Every structure is written in C-alpha cells, then in structure tokens.
Amino acid sequence: MTEKVKTAVIMAAGMGTRFGDMTETMPKGFIKAGGQSMVERSIQTLIDCGIHRIIIGTGYHREAYETLAEQYPQIVCCFSPRYAETNSMFTLWNCRDIIGTDDFLLLESDLVFQKQAITSLLESPHPDLMLVTPVTKFQDQYYIQVDEDKVLSGCSTNKEDLTVYGEMVGIHKISHRFYQKMCEDYALKMKEQPKLGYEFELEDISRHHINLHVLKVDDLKWYEIDDPADLAYAEEHVLPFIDGLDSQESQQKSSFPMNIKRNILLNPGPATTTDTVKMAQVVPDICPREREFAGMMKSLRNDLLKVAHAPAEKYTSVLFCGSGTINIDICLNSLLPEGKKVLVVNNGAYSTRAVEICQYYGLPHIDLKSSVYEQPDLDAVARTLDENPDVALVYTTHHETGTGVLNPIREIGALAHQHGAVFVVDTTSSLGMIPFDMEADNVDFCMASAQKGLMAMTGLSFIIGNEDEIRKSKDYPKRSYYCNLYLQYDYFERTGEMHFTPPVQTIYATMQALKEYFAEGEAAKFARHRRVFEAIHKGLDELGFKDVIKRELQSGLVVSVLYPSDPDWNFERVHDYCYSHGFTIYPGKISTTNTFRLCALGTIDTPDIEAFFRVLRDALVHEGIQIPISYN
Ligand SMILES: Cc1ncc(COP(=O)(O)O)c(C=O)c1O
Numbered sequence: 182m183t184e185k186v187k188t189a190v191i192m193a194a195g196m197g198t199r200f201g202d203m204t205e206t207m208p209k210g211f212i213k214a215g216g217q218s219m220v221e222r223s224i225q226t227l228i229d230c231g232i233h234r235i236i237i238g239t240g241y242h243r244e245a246y247e248t249l250a251e252q253y254p255q256i257v258c259c260f261s262p263r264y265a266e267t268n269s270m271f272t273l274w275n276c277r278d279i280i281g282t283d284d285f286l287l288l289e290s291d292l293v294f295q296k297q298a299i300t301s302l303l304e305s306p307h308p309d310l311m312l313v314t315p316v317t318k319f320q321d322q323y324y325i326q327v328d329e330d331k332v333l334s335g336c337s338t339n340k341e342d343l344t345v346y347g348e349m350v351g352i353h354k355i356s357h358r359f360y361q362k363m364c365e366d367y368a369l370k371m372k373e374q375p376k377l378g379y380e381f382e383l384e385d386i387s388r389h390h391i392n393l394h395v396l397k398v399d400d401l402k403w404y405e406i407d408d409p410a411d412l413a414y415a416e417e418h419v420l421p422f423i424d425g426l427d428s429q430e431s432q433q434k435s436s437f438p439m440n441i442k443r444n445i446l447l448n449p450g451p452a453t454t455t456d457t458v459k460m461a462q463v464v465p466d467i468c469p470r471e472r473e474f475a476g477m478m479k480s481l482r483n484d485l486l487k488v489a490h491a492p493a494e495k496y497t498s499v500l501f502c503g504s505g506t507i508n509i510d511i512c513l514n515s516l517l518p519e520g521k522k523v524l525v526v527n528n529g530a531y532s533t534r535a536v537e538i539c540q541y542y543g544l545p546h547i548d549l550k551s552s553v554y555e556q557p558d559l560d561a562v563a564r565t566l567d568e569n570p571d572v573a574l575v576y577t578t579h580h581e582t583g584t585g586v587l588n589p590i591r592e593i594g595a596l597a598h599q600h601g602a603v604f605v606v607d608t609t610s611s612l613g614m615i616p617f618d619m620e621a622d623n624v625d626f627c628m629a630s631a632q633k634g635l636m637a638m639t640g641l642s643f644i645i646g647n648e649d650e651i652r653k654s655k656d657y658p659k660r661s662y663y664c665n666l667y668l669q670y671d672y673f674e675r676t677g678e679m680h681f682t683p684p685v686q687t688i689y690a691t692m693q694a695l696k697e698y699f700a701e702g703e704a705a706k707f708a709r710h711r712r713v714f715e716a717i718h719k720g721l722d723e724l725g726f727k728d729v730i731k732r733e734l735q736s737g738l739v740v741s742v743l744y745p746s747d748p749d750w751n752f753e754r755v756h757d758y759c760y761s762h763g764f765t766i767y768p769g770k771i772s773t774t775n776t777f778r779l780c781a782l783g784t785i786d787t788p789d790i791e792a793f794f795r796v797l798r799d800a801l802v803h804e805g806i807q808i809p810i811s812y813n
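Using the working numbering, you'd call the opening residue of the sequence shown number 182 and step up by one each time.
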C-alpha cells in the first residue's frame, strides 16, 4: 500500500435497538451528537482527511443514507437485504463488488472521534492496521491483545480472556489483500455463522494469514454511542474536546514554519519555548465566542487538572487573562469569608506580594514573616493558628522564586486543615516542573501561568481549586469585579467561556505546550529540569561562584548566586555580554544580599548550560574579572 488510502467503508446496516424510540424512524448513525448526526460528522472528517469515496453498507432505514448520498457525491450506498438476520461481517462482505480492489478505511457508524483517529491510520506505513486506545467505557468494548510485534493476536468482550493491550475503537485501515482474505474466509463460514461480527474475522485473518498491526493512540478522544446514556456522556465529556482539538488542529495546519532565533532564558520565566509552541499562535483569526473555542478551553482546563494531579470530581481550573500576580490577587480577595483572617506564611518576595495585596484590599491578615534563607518554622505556623482561630485562609508560596527556597507545603497544608482553614499555595514557579499533587500536598488552591512550567506564552494564568470551596465563596464579600474567582468560575460553568475576552493566541500556544508536556512525560520533564539545575551548579563550581541557599533547601529550579567581591564585577555589563550572545541571566530578589539568578525553566537541556558557561567565562575574561571568582 504505497498510495494514501482514498476510500472508506462505513458499516451502517444495524438496527440500533438499544436506542429504543429514537431509532424507530431513523438508523442509529442519524442520531445527533452535539448538534450533528454521527454519520455526517464522520463523513465530513473523512472528506477533510482526503477520502474521495465513502461506501456506506446500509440495511435498516436504508432510505436515510440514500437521501444523504444525494447531498454528498462521495457517498455510494450498498444495501444488505439480509441485515436483520446477519451482522457486520455480512454487511462488509456484501460491499465487495463496490469496494473492488481499493484499500480502505473501515468504520462503524456509531462513533464520534477526533480527526487524529483518521490521520494516524492514514499516516502509518502498515497496510493493515487496527486503532486502539486505553479503555474508555465500562461496557460493550472489544478488548484487544497483541503479540510482541504489536500484531493483533486476540479480541474479546471479556477482559479475562486475554492480556489487554487496549480497546478497539472501531476504525481500521484494510488493504485489498487482507479484505479479499476476509471475504474468502467468511464465505466458508457464512452458513454456520451468519451473525459473525467483523472483529472476529479480523482476528482470524491476523492470527492465521496476514498481520493486522495495532496502533495505540493514548490521548485520542472518541466514543462509541450505543444508547441514550452513552449519548449523554459523549455530549458532556467527549464532544467538546473533539470539537476543540479538531479546530485547533485545522487552525494550525494553516500556520507556516518560521525561522526563529533560539534564545536561552535563564531568568525565572517566561521561559524558552519550542518553535512549535511559538508557531501555534499563528492561526487564522477567530472569534473566541465560537463554540469550537469553548471546546478548546474545556480541553485545556481538563489538562491543567492532570498537570496538578487534581481529580476532576473535586477540583476545577479557572482561566484568567493576566500575569501570575492576578492569581494571587484573585485568591486572596475572593476566598476570604466575612470577619475572617488570612495567615501568610512569608519567607520571600512572592509571599510578601500576597501581604501587599491583603494590605491593598484591607483584608485582615497576619504576616508570619521569617528568614528568606530558610524554610518557615512549622511550630510558629501551628502556634499562630492556635492563637488565631479566626484564620480561614492560610497562604504560602511553594517555590520562592526570589531565592530558590522550596517550602514544605504538605506540612503547612496539614496544619491549615487541622485548624479548619483553606490552604492556598502560589505554585507559579513550580507547577509542571517539580512533583506536586493537589490532594497529597493538602492544597485547596494552587495557581500558575502558562509561561513558566508549561513553557507556553505570557498572558494566561489559571487557578486550580476545590470546587465546593469556590461555590461557597459566592456569598463571601465581593472585593473586585474583574478579579473574582466565583464570577469567572460560574461563567465558565454556564457558557464554557471566559467572562471577558480571552488571550486567544496564548491559548493556542498553551494547548500546544500541553501536548508537548504530556508527550515529554512528567517524569522525564522533571528529570530534565533537575539535570539542567545540576549543570548550572557544576558550571558555577568550576568558576568558583558561591550560591546563597543551602543545597538541601533549593527547589532544583533557581540558583541564587552571590556577587563576587572582585572590584571589576558589574552585573549589568556581564548580563549585556551574555544577552548579546543569546543568554539571559537575571538579577536577584534578596534585599539584603547582592545576588543574581540562574534558572532551570523552559525547553533547555545540559548542552545549553554548557554553552552558557563558555559565554559566561568569556564575559568574565572580557570584564577582567579574576577566575576562579574571589570572595572576601
Ligand atoms: C512564585 C511566583 N508567584 C507569582 C509570580 C507572578 O509574577 P508575574 O505577575 O510577574 O507573572 C511569579 C513570577 O515570577 C512567581 O515566581
């Protein structure tokens, strides 16, 4: 099969009895899912993917498909007169004259699926291919077993019969050779097994004659709709994702490759991004009030929960247009009940920002300040909570970006919960880069922006939080109109949209960045950041630089480096030299000590850091600074 497949066969003869009244007057493919019939969705996707000829194996209510064929010149119907007493293999066999010698895609008529289902089959070099995913449903699925070459070796509706590799989607790519063999084999069995499902014929041919490879696509969105309950589930949980993802894909298709200079950002965010994330922003203009844009945001919000390990039954994510500070503002002004206090566990610049926000809004608060070089004292936190039973919100920063200190949020969260307070954590510079687990870490609300751990662009921030607590906050004092958590949450719930104009292009970039996040894999990404961090330390050690935070307290993302005592040291000049060579270094944020920062965020790896240290060494030589670095 060298040519791309141009033909598809949809098996649509069945009676769809499980739909009850709904299929009395129409075949099940005509049931509307998300405002469009399932079969028309499939037809449009197939045509979009370059399929020229769509053969529909009809039976029950054949006239519906014949009318549809008048609208689509691509459709040819093939009626199976024995549809009531046979099954899908007969329908498929019955199409043999019309199929002729074409290779084809084979689909069931009761599926909704992402376009990627079709493109991944078309793009694969295997001539005979079955599409599977991890299990999606709790009933009616065909479990698939494969051999070591990922060739179909078993198919059953009973999990116990085999070693399950995945669930059959119901979309395949079949060569003429394979189909011929299926037909020959079925012709021999037809008398005894008129009701044979085509799945079992696929299995038979694969086991005994021609390999049927199995392609597993882990994150594919699809659903088989067999009854009204399936339909309701798909409309709520699957179709919005499909619509959003397909729209994103087609928007991106029309973007163009660019040659963009790669800068290495060693500042604590925005971080270095991939070209694909940059280019994801170049899309045709779209009004964000279109349904497909809301579908994209639904998918994005759901992915954010996965990044934070926040179960969707309990947590939700709410998007905002703004930089990271908007999240701090929103959480503090929205989540404090009347007559209650905030406790800010403060050992750095970002918790100090939270204190300033409390001051601005006049929120009753306690600023439990401690050394920026150390983690907070848990005894002091417990004592403060004991002495202040009116504290309803405990706030801290996970990773104090100003110093690089990582705070013990799990322990602080446990204390907050023991005292009946909600726990809000600023995870802006840690989420997606170091381990975090909403529930295990005792966190009720966390927050971040797209440009740091997700390695996307600026302008999109998000809060992930306990949905019950957000609902409760509806009755809390309103301190801001634009920055109110409940208002934005409620708008998303009712419409799927942001209350006011979203940062459209940043959302496209974030969708792409999340795709890349999951493709890299959480563990691999964390390991990469750690590797970069170790490479930074190695480079600093070799030059004789000192850092100011004890190693065991460091987050693994930011190193605060002490200014050398050398009289020729001038941070701005060293910065400018590095900057002109494509590397950005960043000033420190400790008021009592002169430091600069080197950070391990972004799509960078050890070779980038090694290249940076060659440039830094040159910069030091250029500035006449003694190496190794001297400290008095
Ligand atoms: C811990 C932390 N919180 C909040 C912010 C938000 O800052 P901005 O509003 O500049 O995005 C940052 C940015 O560096 C941060 O590191």
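For every residue, glycine included, the Cβ atom is placed at its ideal position computed from N, Cα and C.
Just so it is clear, the structure is predicted and the values come from calculations on it, not from any experiment.
Among the options, nearest to residue i - alpha-carbon criterion
i    : options                   : result
T776 : Y744, E221, G201 and I730 : Y744
G613 : F381, M636, L596 and R591 : M636
V398 : A461, S305, H389 and Y662 : S305
G798 : F726, T188 and N268       : The displayed chain sequence assigns Arg, not Gly, to residue 798. For the residues F726, T188 and N268, the minimum Cα distance to R798 belongs to F726.
S661 : I511, N647 and S480       : I511
S337 : L738, C664, N275 and E380 : E380
T239 : Q462, A193, Y346 and V536 : A193
K372 : L396, K442 and R263       : R263
E507 : Y663, G769, D202 and T188 : A small correction: the amino acid at residue 507 is Ile; Glu does not occupy that position in the sequence shown. Answer by Cα proximity: Y663.
C-beta contact flag for residue i and residue j at 9 Å
i    : j    : result
T582 : G450 : yes
T453 : T784 : yes
F714 : A781 : yes
R712 : T787 : yes
V190 : I256 : no
L312 : M270 : no
N588 : V526 : yes
R472 : S498 : no
L695 : L377 : no
K354 : L426 : no
A621 : R591 : yes
L544 : L513 : yes
L516 : S642 : no
K402 : F294 : yes
P308 : Y246 : no
T533 : S741 : no
Contact test: residue i Cβ vs ligand 1 heavy atom, cutoff 8 Å
i    : result
D558 : no
I352 : no
P658 : no
E537 : no
K331 : no
D607 : yes
T773 : no
Y576 : no
T831 : Limits of the chain in this structure are 182 at one end and 813 at the other, which puts residue 831 out of reach.
P684 : no
G505 : yes
G450 : yes
K402 : no
R778 : no
Y531 : yes
S630 : yes
S610 : yes
R534 : yes
K633 : yes
Cβ-heavy atom distance, residue i to ligand 2, below 8 Å
i    : result
N508 : For the structure depicted, ligand 2 is absent and the ligand set comprises only ligand 1.
Bridge partners - residue i, DSSP secondary structure assignment
i    : result
V171 : Here the chain comprises residues numbered 182 to 813, so residue 171 is not present and cannot be evaluated.
E405 : L292
N527 : K550
M311 : H353 and V395
T816 : Outside the displayed range of the chain (182 to 813) lies residue 816, so it cannot be described from this structure.
M192 : G238 and E289
P262 : Its beta-bridge partners do not exist; DSSP assigns none.
K719 : Answer is none; K719 lacks a bridge partner.
Y367 : In DSSP, Y367 forms no bridge with anything.
P768 : F777
D728 : V742
G543 : According to DSSP, G543 bridges with nothing at all.
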